[in-house]
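Just so it is clear: in the sequence shown, position 143 is 143 by full-length UniProt numbering, and no numbers are missing.
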Amino acid sequence: MVGYDPGAQSRALSPEEAALAGSVAGMVTRALISPLDVIKIRFQLQIERVSSRRPEGKYWGLWQASRCILAEEGLPAFWKGHVPAQLLSVCFGAVQFASFEFLTELVHNSTPYHSQTAGVHFVCGGLAACTATVTCQPLDTLRTRFAAQGEPKVYHTLRHAVLSMYRSEGTLAFYRGLAPTMIAVFPYAGLQFFFYNVLKNLLWLQPKDPTSRGNLQNLLCGSCAGVISKTITYPFDLFKKRLQVGGFERAREHFGKVRTYQGFCDCVVQIAKEEGPGVLQRSVPKPGQSCCVHGPHFLLV
């Protein structure tokens, strides 16, 4: 059961156990979806239209992009940025689920609201994700830059990337894209926990054995909740990725057009004017990726 439940037949998870489960879930899912994540980031950063009917840029389809990356950069390219991505997943999963358990228990003990209602899950899930985002944003920026670079590499190791960014761009470079991330992460995570709660209570029966955790149920509900919440809040992920590669333009020049944004609002305006509203849903692999990420998260927690 995700979140504090005073009526549960089995022993509730402590914040420490929730943190461990969230870390393991994040580590496993990150290893599985890394190739899709690399392709998704390449699509998001490409200014030209991603379309197989009227190809304009370097990448114009899922399979074409896969073949292109494999031919030009080799199989390991699909795991570019895997080290910071793994650190991000472990850190984010630990902080998010530990915070969620703590907040739902706090709500139950300090307010008249029941901890297992969908509304409480929405608020606590959003706050937990905000906490995890602020904690882990530097790792997210590093992951994006590693996945975005082609050959020859600008950053060769994680240590090299950290030192290079700090010396050339300063500490704030690690928090590029934080504004759209914070705007999106509260409703995204809130809706994720909200829909998980709703789906689990309405669409599937509870396990007959009260001590059972309902693993298949958790997997299905978590997958559906992830797809719904990601689809609703996806445009902000695009804005975040574009801002995170600011100051990294030299590594992107051979991929096609390059843009420089002065901030979140300028990023939104430029994208809307030059690329149109269709770019806001630029990500072929994302629905399947959401299933792969969020289903196992709720299965293992």
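Glycine residues also receive a C-beta, built at the ideal position from the N, C-alpha and C atoms.
From this set, the options, which residue's C-alpha is nearest residue i's C-alpha?
{"i": "Q137", "options": "Q192, S14 and F174", "result": "F174"}
{"i": "A184", "options": "L158, D140, G150 and F239", "result": "F239"}
{"i": "S115", "options": "Q244, G61, F194 and T29", "result": "F194"}
{"i": "L227", "options": "A189, T260 and F248", "result": "With the sequence shown as reference, residue 227 is identified as Val, and Leu is not the correct amino acid for it. With distances taken between Cα atoms, V227 lies closest to A189."}
{"i": "Y234", "options": "P35, I33 and I41", "result": "I41"}
{"i": "S168", "options": "A179, V154 and P180", "result": "V154"}
{"i": "V245", "options": "C130, K230, H160 and T144", "result": "T144"}
{"i": "A129", "options": "V50, F100, H82 and I69", "result": "F100"}
{"i": "V134", "options": "T111, P180 and H108", "result": "P180"}
{"i": "S66", "options": "Y113, C124, R49 and L36", "result": "L36"}
{"i": "I69", "options": "F43, R53, R49 and R54", "result": "F43"}
How about residue i and residue j: do their beta carbons lie closer than 8 Å?
{"i": "E275", "j": "I39", "result": "no"}
{"i": "I271", "j": "V279", "result": "yes"}
{"i": "P84", "j": "L139", "result": "yes"}
{"i": "G177", "j": "Q96", "result": "no"}
{"i": "L158", "j": "L142", "result": "yes"}
{"i": "S89", "j": "M182", "result": "no"}
{"i": "residue 311", "j": "L202", "result": "Lying before the first or after the last residue shown, residue 311 is absent from the chain, which here runs from 1 to 301."}
{"i": "Q149", "j": "A251", "result": "yes"}
{"i": "F122", "j": "L45", "result": "no"}
{"i": "E151", "j": "E56", "result": "no"}
{"i": "W60", "j": "S51", "result": "yes"}
{"i": "A98", "j": "A19", "result": "yes"}
{"i": "R242", "j": "C265", "result": "no"}
{"i": "E249", "j": "T231", "result": "no"}
So, helix, strand or coil for residue i, using DSSP?
{"i": "S14", "result": "coil"}
{"i": "S212", "result": "With a pLDDT of 49 at S212, under the threshold of 50, the predicted position of this residue should be treated as unreliable, and no value is reported."}
{"i": "I232", "result": "helix"}
{"i": "S283", "result": "Its pLDDT being 49, under 50, S283 is placed unreliably in this model, and the value from its coordinates should be taken loosely. In this structure, S283 counts as coil in the three-state DSSP scheme."}
{"i": "W60", "result": "coil"}
{"i": "H254", "result": "helix"}
{"i": "V162", "result": "helix"}
{"i": "Y155", "result": "coil"}
{"i": "F248", "result": "coil"}
{"i": "S52", "result": "coil"}
{"i": "T260", "result": "coil"}
{"i": "Q96", "result": "helix"}
{"i": "H108", "result": "helix"}
{"i": "L20", "result": "helix"}
{"i": "I41", "result": "helix"}
{"i": "K240", "result": "helix"}
{"i": "T117", "result": "coil"}
{"i": "K200", "result": "helix"}
{"i": "K80", "result": "coil"}
{"i": "G150", "result": "coil"}
Mind reading off the beta-carbon distance from residue i to residue j? Whole number of angstroms is fine, and I expect it under 8 Å.
{"i": "G93", "j": "A147", "result": "That pair is no contact at about 19 Å."}
{"i": "L127", "j": "L103", "result": "6 Å"}
{"i": "K58", "j": "G263", "result": "Their Cβ separation, rounded to whole angstroms, is 27 Å, which puts K58 and G263 out of contact at 8 Å."}
{"i": "A118", "j": "N197", "result": "4 Å"}
{"i": "W79", "j": "S14", "result": "Contact doesn't hold; Cβ gap of about 33 Å is too wide."}
Please report whether the beta-carbon of residue i lies at a distance below 8 Å from any beta-carbon of chain B.
{"i": "K80", "result": "No chain B appears in this structure, which consists of one protein chain only."}
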